[in-house]
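Asks: I have a structure I would like to understand better, so I am pasting it below and will then ask my questions one at a time.
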Amino acid sequence: MLRTLDPDQPVVTITVDGAPVGAFAGETVAACLMRHGLVPTRVTPSGRPRAPYCLMGACFECTVELDGRTHVQACLTPVRDGMVICRNLPE
Amino acid sequence: MPQPARIEPAADLVVIGAGPAGMAAAVEARRHGLAVTVLDDQPAAGGQILRGIARRHHIRYEPWGQPLADAFATSGARHVAGAAVWARDGDAILFGQEGRTCRIRARATLVATGSMERPVVVPGNTLPGVVTVGALQSFLKGSGAVPDGPFVLAGCGPLLLLTALQLATAGAPPTAIVDTMPRGRWRAAMAGAAGLLGDMPLALKGISLIARVRLAGIPVHRHATELRVLGTDRAEGLAFRADGENRTIAAGLVALHDGVVPHDQLAVSLGCESRFDPALGSYRMVTDADGRSSLPDVWIAGDGAAIAGGYLATLSGSLAALDVARSAGRIDAAEHARLATPLAAERRRRLRARAFVDALYAPTLSAAAAPDAALLCRCEEVTVGQARAAIAAGARGTRQLKAATRCGMGPCQGRQCTLSVVNLLARELGDGADLVRPSLRTPGRPVTVAELAASHEGHGHTGSDA
Ligand code: FES
């Protein structure tokens, strides 16, 4: 869905749903997930897929579990090496 | 056991939001010796318009942006990034940072939370791959990322044109622009055209933007209606009507936009008064010319109070800071007048251009005109049809609609649906609609029970808090 303009940025590794994912040190978790096509980020009670929408903290569609904290807004969080992320997807 | 709240050193002025208004206010307040802490929920200072100004960038910022960012960085104001403010408790501000509850005493509080995009209600607007145009700005400026593959920008507003150009310049031109401005808007807006003389730089910027989009060769479909995002699990394209024909454009990303409105949920949840402005289809916060809100010791500046754009936000931020400095006794009335008068005069003059801009870019994709199947409340999954049915069954105001449909009761706390609901009520009921804003209870954003519990006990800094 997205590509980077800065491919020479330092790369770190985060874990998404148990799998390692390469991330650029300067990007947000939401940008990283979308760059890798890792959507949806959550599924609604009625089963509809959702993904980051506003990227400024106003819609809460991007919430994930991050290092054990629930409902963290991925669009407000810069990636950090070793972060562990779980999307809110049904089993 | 919850972790106790971290107590931050008290401040003369706590600014909430590190965009143009907040940065300008912090710089001005520091000039007069006030201790200033700026709390901002974004990863870096700049707000939306100056997002990413401190990182390697791929766009040209407004000419006033870099000087402001530099002045802020060296002002001596304390900047707390990633700080999500959720309440005011007496003279203390409560906020969360990485799950930790923090508390700071504020002699004065300035809310400078900026704008957000007006909710767009079209069928398919919740599919993954549908984003706001502002989201594309955020990817580009904050993360150095651009759409990969075909994408379209749809809707109306200067930000849409600006984003199309910035992306084209960065090597990622949109497949097409689907412009929803109805025929006759330019003629209708002309009534306010004389006001443009008050802000010639703005008028010239607008004209050059339109000309440059033409030059860039981006296909534009004008006067488009009946927008519908295609796809089942992901966005696959956009369908619409233009020039009397049904058209579709295949795209993996569909970016929607219909202008901006104050991002005012925090001010409202603190208890500040706001008023509905039918011409804008949105609320504006009640303030005086210095930004004083309806609450003692709380000021509101910039687009978070009423939309006027980034540069005017810097003026209103400075004016609010000068008023805070005067009330704190740091400057006397004469000094205040000397510093504030020219800023206030410039602000008044440039505000005269708003009538034209607001008329030209009045909402085009609001829930009032949407088909029943479109989703109005993203969080609680309420359709426009369900809201219309509730109105037909007797709901007259926002509170009754909320009770009947649950819309506005999810985690976004009405950010994405309140204006849709209000405009739908106004359209369906005319003068019979009750447009009083639903009250927003503290906390101003979702918090966990542990965070809430922590706010009642604290340790850390003592000093002036002891
Ligand atoms: S994408 Fe809207 S809150 Fe994160």
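Heads up: the protein sequence lines correspond to chains A and R, in order.
Per my numbering, the first sequence runs over residues 139 to 229.
Per my numbering, the second sequence runs over residues 966 to 1431.
Backbone N, C-alpha and C fix where the C-beta goes; we use that ideal spot for every residue, glycine too.
Should D1035 of chain R be labelled buried (16 or more other beta-carbon atoms within 10 Å of its own) or exposed?
Replies: For the purposes of this step, residue 1035 of chain R is taken as residue 70 along the second sequence, with counting starting at 1. Exposed.
Asks: Quick check on T1190 of chain R: does DSSP put it in helix, strand or coil?
Replies: As a working note, residue 1190 of chain R is residue 225 in the second sequence. Note: T1190 of chain R maps to strand in three-state DSSP.
Asks: Suppose only complete runs of 4+ residues qualify. What are the alpha helix (DSSP H) ranges in the segment 1269-1316 of chain R, listed by chain order?
Replies: 1275-1292 and 1298-1316
Asks: What is the DSSP secondary structure of W1151 of chain R, counted as helix, strand or coil?
Replies: Here residue 1151 of chain R corresponds to residue number 186 of the second sequence, with the count starting at 1. Residue state, collapsed to three classes: helix.
Asks: Report yes or no: is there a C-beta of chain A within less than 9 Å of the C-beta of D969 of chain R?
Replies: Stepping through the second sequence from its first residue, residue 969 of chain R is reached at position 4. Reading off the sequence, residue 969 of chain R comes out as Pro, not Asp. P969 of chain R does not count as touching chain A.
Asks: Buried or exposed: R1314 of chain R, going by 16 or more other Cβ atoms within 10 Å of its Cβ?
Replies: Residue numbering aside, residue 1314 of chain R sits at position 349 when the second sequence is read from its first letter. So R1314 of chain R ends up on the exposed side.
Asks: Is G1395 of chain R near the ligand FES - that is, is its Cβ less than 8 Å away from at least one heavy atom of it?
Replies: In the second sequence, the residue the question calls residue 1395 of chain R occupies position 430. Flag unset: Cβ of G1395 of chain R not near the ligand FES.
Asks: Below 7 Å CB to CB, which residues in the same chain sit around Q1031 of chain R once its five sequence neighbours on both sides are set aside?
Replies: For the purposes of this step, residue 1031 of chain R is identified with residue 66 of the second sequence, where counting begins at 1. Same-chain partners within the cutoff: I1018.
Asks: By Cβ distance below 7 Å, which residues in the same chain neighbour K1367 of chain R in space, the five residues on each side in sequence not counted?
Replies: Numbered from its first residue, the second sequence carries residue 1367 of chain R at position 402. Cβ neighbours of K1367 of chain R beyond the five flanking positions: G1373, M1374 and P1403.
Asks: Should I1451 of chain R go down as buried or exposed, given a rule of 16 or more other Cβ atoms within 10 Å for buried?
Replies: Residue 1451 of chain R cannot be examined here, being either before or after the span of chain R that is shown, 966 to 1431.
Asks: Listed from N- to C-terminal order along the chain, which residues in the segment 1120-1134 of chain R have their beta-carbon within a distance smaller than 7 Å of any beta-carbon of chain A?
Replies: Listed by position along the chain: nothing, the set is empty.
Asks: Since C1377 of chain R meets chain A, which of its residues come closer than 8 Å, beta carbon to beta carbon?
Replies: Within the second sequence, residue 1377 of chain R is the residue found at index 412, counting from 1. At a C-beta separation below 8 Å, C1377 of chain R has these neighbours in chain A: A196, C197 and F198.
Asks: Quick check: the segment 194-212 of chain A against the segment 1252-1269 of chain R, are there 3 or more CB pairs under 8 Å?
Replies: no
Asks: Relative to the C-alpha of T1039 of chain R, which residue among R:R1020, R:A989 and R:A1270 is closest?
Replies: Counting from one through the second sequence, the residue named residue 1039 of chain R turns up at place 74. When only C-alpha atoms are compared, the closest one is R:A989.
Asks: For R1212 of chain R and G1120 of chain R, what's the separation of their Cα atoms in angstroms?
Replies: One-based indexing of the second sequence puts residue 1212 of chain R at position 247. One-based indexing of the second sequence puts residue 1120 of chain R at position 155. If you take the alpha carbons of R1212 of chain R and G1120 of chain R, they lie about 15 Å apart.
Asks: Starting from M988 of chain R, trace the alpha helix (DSSP H) in both directions and tell me its first and last residue.
Replies: Taking the second sequence and counting its residues from 1, the one referred to as residue 988 of chain R is at position 23. It spans P985 to R996 - the alpha helix (DSSP H) in which M988 of chain R sits, taken as one unbroken run.
Asks: Identify the contact partners of P228 of chain A in chain R, using a Cβ-Cβ distance below 8 Å as the criterion.
Replies: For the purposes of this step, residue 228 of chain A is identified with residue 90 of the first sequence, where counting begins at 1. Those within 8 Å of P228 of chain A in chain R number zero; the least Cβ separation is about 14 Å.
Asks: Would you list the residues sitting across from N1211 of chain R in a DSSP beta bridge?
Replies: For this step, residue 1211 of chain R is matched to residue 246 along the second sequence. Answer is R:R1206, bridged to N1211 of chain R.
Asks: Is C1121 of chain R near the ligand FES, judged by its Cβ being under 8 Å from some heavy atom?
Replies: Working through the second sequence from its first residue, we reach residue 1121 of chain R at position 156. False, no ligand heavy atom lies under 8 Å from that Cβ.
Asks: Could you check whether V1095 of chain R and V1219 of chain R sit closer than 9 Å to each other, using their CB atoms as the reference points?
Replies: The count along the second sequence starts at 1 and reaches residue 1219 of chain R at position 254. The count along the second sequence starts at 1 and reaches residue 1095 of chain R at position 130. Cβ atoms of V1219 of chain R and V1095 of chain R: closer than 9 Å.
Asks: Please report whether the beta-carbon of D219 of chain A lies at a distance below 9 Å from any beta-carbon of chain R.
Replies: Reading the first sequence from its first residue, position 81 is the one you call residue 219 of chain A. Chain R contact via Cβ: absent.
Asks: So L1161 of chain R packs on Q1131 of chain R, CB below 8 Å; how close in whole Å?
Replies: Start at 1 with the first residue of the second sequence, and residue 1161 of chain R comes out as number 196. Start at 1 with the first residue of the second sequence, and residue 1131 of chain R comes out as number 166. At roughly 24 Å, the Cβ-Cβ gap does not stay under 8 Å, so L1161 of chain R and Q1131 of chain R are not in contact.
Asks: What does L140 of chain A touch in chain R if you count any residue whose Cβ is under 9 Å from its own?
Replies: Position 2 of the first sequence, counted from the start, is the residue given in the question as residue 140 of chain A. Near L140 of chain A (Cβ distances below 9 Å), the residues of chain R are F1104, S1108, A1110, V1111, P1112, D1113 and L1218.
Asks: Examine the ligand FES and report whether any of its heavy atoms sits within less than 8 Å of the Cβ of F198 of chain A.
Replies: The sequence position of residue 198 of chain A within the first sequence is 60, counting from 1. Yes, the beta carbon of F198 of chain A sits closer than 8 Å to at least one heavy atom of the ligand FES.
Asks: Over what stretch of residues does the alpha helix (DSSP H) that includes E1393 of chain R continue unbroken?
Replies: Position 428 of the second sequence holds residue 1393 of chain R. Run containing E1393 of chain R: T1383 to L1394, per the alpha helix (DSSP H) assignment.
Asks: When the Cα atoms are used, what is the spatial distance from T1427 of chain R to A163 of chain A?
Replies: Numbered from its first residue, the second sequence carries residue 1427 of chain R at position 462. Numbered from its first residue, the first sequence carries residue 163 of chain A at position 25. Low per-residue confidence applies at T1427 of chain R: pLDDT is 38, beneath 50, and the placement is therefore not dependable, though the value from the model is reported in the following sentence. Computed Cα separation, rounded: 36 Å.
Asks: Which two residues bound the contiguous beta strand (DSSP E) that contains A1357 of chain R?
Replies: The count along the second sequence starts at 1 and reaches residue 1357 of chain R at position 392. Not the beta strand (DSSP E): A1357 of chain R falls in the alpha helix (DSSP H), residues V1349 to A1357.
Asks: Pull out every residue of the segment 143-166 of chain A whose Cβ sits closer than 7 Å to any Cβ of chain R, in chain order.
Replies: L143, D144, G164, E165 and T166
Asks: Within 10 angstroms of its Cβ, does S1173 of chain R collect 16 or more other Cβ (buried), or is it exposed?
Replies: Reading the second sequence from its first residue, position 208 is the one you call residue 1173 of chain R. S1173 of chain R comes out exposed.
Asks: N1090 of chain R bridges to which residues according to DSSP?
Replies: Working through the second sequence from its first residue, we reach residue 1090 of chain R at position 125. Per DSSP, none; premise fails for N1090 of chain R.
Asks: Closest by CA to S184 of chain A, which one among R:V1347, R:A1141 and R:T1363?
Replies: The sequence position of residue 184 of chain A within the first sequence is 46, counting from 1. Closest by alpha carbon: R:V1347.
Asks: Can we say the segment 1015-1029 of chain R touches the segment 1060-1072 of chain R, given the rule of at least three CB pairs closer than 8 Å?
Replies: no
Asks: Whose C-alpha, out of R:I1265, R:V1194, R:T1002 and R:T1074, is nearest the C-alpha of P974 of chain R?
Replies: For the purposes of this step, residue 974 of chain R is taken as the residue at position 9 of the second sequence. Per the Cα distances, R:T1002.
Asks: Nearest to G1157 of chain R by alpha carbon, out of R:G1136, R:V1322 and R:A1000?
Replies: Numbered from its first residue, the second sequence carries residue 1157 of chain R at position 192. Looking at the Cα atoms, R:V1322 is the closest of the given residues.
Asks: Please indicate yes or no: does the CB of P1084 of chain R lie closer than 8 Å to some heavy atom of the ligand FES?
Replies: On the second sequence, position 119 is the one that residue 1084 of chain R refers to. No, Cβ of P1084 of chain R sits at least 8 Å from all heavy atoms of the ligand FES.
Asks: Looking only at its chain, what residues have a beta carbon closer than 7 Å to the beta carbon of G160 of chain A, apart from the 5 residues adjacent to it on each side?
Replies: Position 22 of the first sequence holds residue 160 of chain A. Once the five neighbours on either side are set aside, the close Cβ partners of G160 of chain A are V149 and T151.
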